[in-house]
Amino acid sequence: MAHTVTLLPGDGIGPEVVEATLHVLDATGVEIDWDWQEKVGAAAMGTYGTPLPDHILDSIREHGVALKGPITTPVGKGFRSVNVALRQRLDLYANVRPCSSLPGIETPFDDVDLIIFRENTEGLYAGIENYDPRLEIADSIARITRKGSERIIRFCFEYAQREGRELVTLAHKANILKRSSGMFLRIGEEIAGDFPDVAFNDRIIDNMCMQLVMYPEQYDCIVTTNLFGDILSDLAAGLVGGLGVVAGANIGDDYAVFEAVHGSAPDIAGQGKANPTALIRTAEMMLRHLDEKEAADAVRDGLNTSYKQAEHLTPDVGGEASTMDFAQYVADNVATALARS
Ligand code: NAI
Ligand code: MG
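Mapping to the working numbering: the sequence shown position 274 is 469, numbers consecutive.
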């Protein structure tokens with residue numbers, strides 16, 4: 196039976212990496228009817244007067260699953276992030292960002308295999324901001340709740356247990372932010388008691404950054420609050436070849452929106468230079484969510500073969516191929532992987 200999935204190509208490099216990913220998905224033979232929603236973010240403002248029109252949320256609520264390219268957010272002014280709004284309005288509380296080494300990319304480590312679980316709906320992204328223009332005093336409040344903390348930490352432990360992962364590390368700043376980060380840590384310690392098969396430790400966030408760049412092999416699943424998770428996941432991407440190769444998923448109890456970690460990359464948009472690997476790996480996560488295991492394995496194997504052969508790679512990982520040339524090469528390897536299985 197065909198799946199129906201909402202598709203948001205986004206802007207910047209979004210449409211390019213989406214086109215490349217659809218090409219690879221075609222090679223899997225999985226039937227997907229796409230509900231295209233092109234006008235979102237700045238492109239929606241003119242037509243609808245809002246960057247996130249209700250019909251887009253309705254489409255995702257109806258189909259339950261979306262694949263999404265990046266959407267630009269104006270810096271320091273203008274509309275609030277559509278990406279953050281989507282996660283909050285659909286209550287997609289778990290942002291899951293696997294980060295593992297690929298063969299053929301030169302990095303200081305070749306055995307990184309981490310998953311970052313970022314709380315996705317509250318913390319410093321809660322949108323509770325005040326500005327007093329007379330005194331020039333600004334507040335951004337990091338709201339942490341027991342409910343929000345429990346569900347992301349439990350989600351991380353349940354994932355670790357199900358997938359045979361050995362360690363959960365909770366990253367925090369409870370020495371300084373005694374109330375908000377302190378409560379998050381306390382709840383983590385409580386929940387860890389329910390999962391005797393999974394080891395648990397915690398790290399203060401600044402030390403966590405140093406540990407990750409020196410000893411990434413010592414870490415496995417990392418659970419943390421919204422801003423720390425945002426920063427840590429770009430750092431972790433840097434360990435395995437950059438933002439062009441790292442996938443992501445926003446998961447809630449009712450809906451899931453699959454999007455790569457990277458943004459709209461205005462510096463390379465429209466030039467055919469973007470690496471679609473991040474969104475292809477994201478699509479692999481989506482296929483697993485849709486119970487298309489064989490197709491997901493073929494995408495994984497097709498990508499691995501492509502990186503092992505290391506021809507036709509994009510410029511960010513040392514090659515000269517265009518976005519679509521690389522996608523064609525991966526699609527061929529996916530077809531080969533499927534024929535073999
Ligand atoms: P960015 O992730 O767009 O780019 C950072 C650097 O990584 C740039 O040098 C870029 O060229 C490179 N890069 C990113 N993705 C790549 C890919 N697939 N292949 C090759 N190189 C890649 O982050 P930046 O510049 O901070 O943000 C740009 C815009 O994207 C902002 O408006 C930001 O708000 C938005 N953004 C949107 C996200 C989303 O839609 N979920 C996530 C992050 C940022
Ligand atoms: Mg980010």
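Think of the CB as a built atom: it goes at the ideal place given N, C-alpha and C, for glycine as much as any other residue.
message = Considering only heavy atoms of the ligand NAI, does any lie closer than 6 Å to the CB of ALA239?
response = One-based indexing of the sequence shown puts residue 239 at position 44. Exclusion of ALA239 from the 6 Å shell around the ligand NAI follows from its C-beta lying no nearer than that to any non-hydrogen atom of the ligand.
ask   = CB of ILE266 to nearest heavy atom of the ligand NAI: below 6 Å?
value = As a working note, residue 266 is residue 71 in the sequence shown. At least one heavy atom of the ligand NAI is nearer than 6 Å to the Cβ of ILE266, so yes.
Buried versus exposed, by CB contacts within 10 Å (16 or more), GLU257 = Stepping through the sequence shown from its first residue, residue 257 is reached at position 62. Around the beta-carbon of GLU257, fewer than 16 other beta-carbon atoms lie within 10 Å, marking it exposed.
message = For a test of your reading of the model: does the CB of GLY458 fall under 6 Å from any non-hydrogen atom of the ligand NAI? Yes or no.
response = In the sequence shown, the residue the question calls residue 458 occupies position 263. Set against 6 Å, the gap from the CB of GLY458 to the closest heavy atom of the ligand NAI is smaller.
ask   = Taking Cβ to Cβ, would you say VAL200 is nearer than 7 Å to LEU281?
value = Walking along the sequence shown from the start, residue 200 turns up at place 5. Walking along the sequence shown from the start, residue 281 turns up at place 86. With a cutoff of 7 Å on beta-carbon distance, VAL200 and LEU281 are scored as not near each other.
request  = Compute the minimum distance between the beta carbon of PHE454 and the heavy atoms of the ligand NAI, and state whether it is under 6 Å.
outcome  = Here the question's residue 454 lines up with position 259 in the sequence shown. Looking at the sequence itself, residue 454 is Glu, so the reference to Phe does not match. Remark: the C-beta of GLU454 is in contact range of the ligand NAI, defined as less than 6 Å to any heavy atom.
request  = Between the Cα of ASP429 and those of HIS218, CYS404, TYR450, spot the shortest distance and give me the residue it belongs to.
outcome  = Taking the sequence shown and counting its residues from 1, one reaches residue 429 at position 234. Of HIS218, CYS404, TYR450, the smallest CA-CA separation from ASP429 is found for CYS404.
request  = Examine the ligand MG and report whether any of its heavy atoms sits within less than 6 Å of the Cβ of ASP425.
outcome  = The count along the sequence shown starts at 1 and reaches residue 425 at position 230. True, at least one ligand heavy atom lies under 6 Å from that Cβ.
ask   = Taking the alpha-carbon positions, what's the LEU434 to ILE310 distance?
value = The residue given as residue 434 occupies position 239 in the sequence shown. The residue given as residue 310 occupies position 115 in the sequence shown. Approximately 13 Å between the Cα atoms of the pair.
inquiry  = Only counting the same chain, and skipping five residues up and downstream in sequence, which positions put a Cβ closer than 7 Å to that of ILE463?
reply    = As a first step, residue 463 must be located in the sequence shown, where it is residue number 268. Contacts found: ILE208, ALA469.
Nearest to ASP486 (by Cα), restricted to the options VAL213, ASP206, LEU217, VAL225 = Residue numbering aside, residue 486 sits at position 291 when the sequence shown is read from its first letter. Answer by Cα proximity: VAL225.
message = Output needed for ASN499: all residues of its chain with C-beta closer than 8 Å, excluding positions within five of it in sequence on either side, in chain order.
response = Mapped onto the sequence shown, residue 499 falls at position 304. Around ASN499, the same chain offers LEU297, PRO298 as residues with beta carbons nearer than 8 Å, after the five sequence neighbours per side are excluded.
task = Identify which residue in GLN406, TYR288, GLU412, ALA442 has its Cα closest to the Cα of ASP308.
result = Numbered from 1 along the sequence shown, position 113 holds the residue referred to as residue 308. Closest by alpha carbon: GLU412.
query = Where PHE352 and HIS250 are concerned, what is the direct C-alpha to C-alpha distance, given to the nearest angstrom?
reply = Mapped onto the sequence shown, residue 352 falls at position 157. Mapped onto the sequence shown, residue 250 falls at position 55. If I take the Cα positions, the gap works out to 34 Å.
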